[in-house]
């Protein structure tokens with residue numbers, strides 16, 4: 043046994059302070075509160091980025107006068123930009139949350155989901171849905187009408203269920219073919235805001251299923267291919 047080993051054997055730990063466990067639990071609680079704050083901030087940033095991208099030129103917004111909006115059902119063929127040598131499609135979703143005060147007024151947080159291509163800080167918003175009036179956008183500048191695909195999960199495994207007013211997000215990075223086929227079906231409420239939507243995405247000429255989203259104000263179900271997709275990151279994380 044070396045001299046260092048002998049010293050380690052004889053080493054005695056100091057007695058535990060009476061308030062050690064209470065202090066430890068306080069620190070753990072503080073870390074959890076900070077983690078929750080970071081998640082909320084990342085989710086808000088993600089929605090803000092999606093909204094900003096959706097307002098770009100070439101994006102067509104849908105929604106209408108109270109009581110006068112029919113369901114939307116469109117299928118599009120969309121190119122997916124190359125990023126880092128792959129055709130990168132980013133899928134995201136944030137559940138509905140209670141409004142918060144900001145700029146002297148209550149700001150709604152209706153949640154939503156989106157599919158975008160390109161770099162995270164300058165995305166091309168292919169499709170975006172949120173629970174606000176005129177809360178649906180589709181990019182008709184880069185996308186073109188396509189033959190309808192089934193609006194179904196097509197055997198895809200369930201990734202996550204996000205319930206309203208609870209934590210959690212969806213962020214998936216999918217490496218797909220140069221073109222995808224995207225079908226979006228949206229049901230509107232009396233105010234003209236979306237209240238339910240489904241989105242199916244398939245990759246390439248062989249129409250391989252990539253993802254299926256089933257969204258309402260109460261919850262989001264996301265089904266994603268493990269062969270195409272992996273967990274991504276929200277802007278700001």
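Residue numbers (my numbering): 43 to 279.
Each residue gets a CB set at the ideal place from its N, CA and C atoms; glycine is no exception.
Item, Value
"Taking residue 137 and residue 208 to be in contact with their CB atoms under 8 Å, please state how far apart those CB atoms are, rounded to whole angstroms.", "7 Å"
"Please classify residue 146 as buried or exposed, where buried requires at least 16 other C-beta atoms within 10 Å of its C-beta.", "exposed"
"Report the residue from 214, 224, 213, 255 whose alpha carbon sits nearest the alpha carbon of residue 239.", "255"
"For residue 179, is the classification buried or exposed, using 16 other Cβ atoms within 10 angstroms of its Cβ as the cut-off for buried?", "buried"
"Rounding to the nearest angstrom, what Cα-Cα distance links residue 227 and residue 191 in this structure?", "11 Å"
"According to DSSP, is residue 214 helix, strand or coil?", "strand"
"Do you know how far the Cα of residue 116 is from the Cα of residue 268?", "26 Å"
"Are the Cβ atoms of residue 230 and residue 237 separated by less than 8 Å?", "yes"
"Hey, out of 248, 242, 234, 260, whose CA is closest to residue 112's CA?", "234"
"State buried or exposed for residue 308, treating a residue as buried only when at least 16 other CB atoms are found within 10 Å of its CB.", "Here the chain covers residues 43 to 279 and nothing more, so residue 308 does not appear."
"Please list the terminal residues of the continuous beta strand (DSSP E) segment that includes residue 271.", "271-273"
"DSSP puts residue 155 in a beta bridge; with which residues?", "135, 171"
"Quick one, which of 154, 181, 153, 152 has its alpha-carbon nearest residue 166's?", "181"
"What whole-angstrom Cβ distance do residue 173 and residue 152 have, given they're in contact under 8 Å?", "3 Å"
"Please list, in chain order, all residues of the same chain as residue 210 whose beta carbon is under 7 Å from its beta carbon, the five residues on each side excluded.", "137, 202, 204"
"Compute the Euclidean distance between the alpha carbons of residue 98 and residue 185, then round it to the nearest angstrom.", "Confidence is the limiting factor: at residue 98 the pLDDT is only 43, short of 50, which leaves the residue's position unreliable, though a coordinate-based value still follows. Near 14 Å, if we compare the C-alpha coordinates of residue 185 and residue 98."
"Grab the span of the beta strand (DSSP E) containing residue 221 for me, first residue to last.", "221-230"
"Helix, strand or coil: how does DSSP classify residue 240 here?", "strand"
"Residue 265 to residue 253, Cα distance in whole Å?", "6 Å"
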